[in-house]
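Read the structure below first, then the notes.
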Amino acid sequence: MRSPLLRRLGLTAVLAVVLAVFGLTSGASADTAPASLAFTTGSATTTPGGSVKLSMTLTNNKTYDVLFVYQTIDPTWLTTQRPDLKYSFTGCSLAAADGSATPCSGTGPTNLGTNYGATIPPGQSRTVTLTLQVAADSGCNGNIGFYSYFYAEFSDGTNTNGGPVYTPETRVLCA
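Structural data, given as structure tokens:
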């Protein structure tokens, strides 16, 4: 007859090996993503008829240039559940590495990647700012939020996917 003590020790040993292989190795390789996307808003609240700046910053954390970016931006599920919230993207600008800003195109839930400009060198960022315009007849006391996926290709032939990345929510208040 087998001893229950040996069975428990065997199970404990197997569990320890599994934790060591999967638990410790993932903590040791905590590298940053090759490219990262971050969002900020100019204000946490707005009123019907108001606008908010939504900035997206793409950072190249790799040692090769970013040559191509594809990005989508879509409303969150909770935002789509409020048909009384009315808004649109009305403007777009690109902040270059030298601090200058130029207009961009392609606003809305389509390919925003072309707005980041041409090449993004290693260690640098590009920021695209969209203007979120809330309609004058929009409903109040609702949150407007978005999520985004992106795909970036590098000059060494590699690529990376990221997302979903969520924007801070903007609250529509009645004045």
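Read left to right, the sequence shown gives residues 8 to 182 (this note's numbering).
We put the beta carbon where it would ideally sit given N, CA and C, even for glycine.
Source: prediction; values computed, not measured.
Proximity test, residue i beta-carbon vs the ligand MN heavy atom, cut-off 8 Å
| i | result |
| --- | --- |
| Gly56 | Inclusion of the ligand MN in the displayed structure is not the case, the ligand content being empty and no account of it being possible. |
Three-state secondary structure (DSSP) of residue i
| i | result |
| --- | --- |
| Leu92 | coil |
| Thr32 | Caution applies to Thr32, whose pLDDT of 39 falls short of 50 and renders its modelled position unreliable; the model cannot decide the point. |
| Leu61 | strand |
| Thr87 | helix |
| Asn123 | For the record, residue 123 in the displayed sequence is Tyr; it is not Asn. Residue state, collapsed to three classes: helix. |
| Ala37 | With a pLDDT of 47 at Ala37, under the threshold of 50, the modelled position of that residue is not reliable, and the figure given next carries that caveat. Correct three-state label for Ala37: coil. |
| Thr174 | coil |
| Pro128 | coil |
| Ser145 | coil |
| Ala45 | strand |
Opposing strand residues paired with residue i [DSSP bridges]
| i | result |
| --- | --- |
| Asn166 | Glu160 |
| Cys99 | Leu137 |
| Asp81 | Tyr154 |
Candidates the options, of which the one nearest residue i by Cα
| i | options | result |
| --- | --- | --- |
| Arg133 | Pro171, Val76, Thr52 | Val76 |
| Met63 | Asn168, Tyr94, Phe161, Thr79 | Thr79 |
| Leu44 | Asp72, Thr177, Tyr156, Thr138 | Tyr156 |
| Leu180 | Pro128, Ser50, Pro41, Ala40 | Ser50 |
| Leu74 | Phe153, Thr136, Tyr123 | Tyr123 |
| Pro128 | Leu65, Gly149, Gly152 | Leu65 |
| Thr136 | Asn67, Leu92, Gly98 | Gly98 |
| Ser95 | Asn166, Ala143, Thr165 | Ala143 |
| Thr174 | Thr52, Thr48, Tyr71 | Thr48 |
Beta carbon of residue i nearer than 9 Å to that of residue j
| i | j | result |
| --- | --- | --- |
| Ala108 | Leu119 | no |
| Glu176 | Thr83 | yes |
| Ala42 | Lys69 | yes |
| Ser58 | Leu92 | no |
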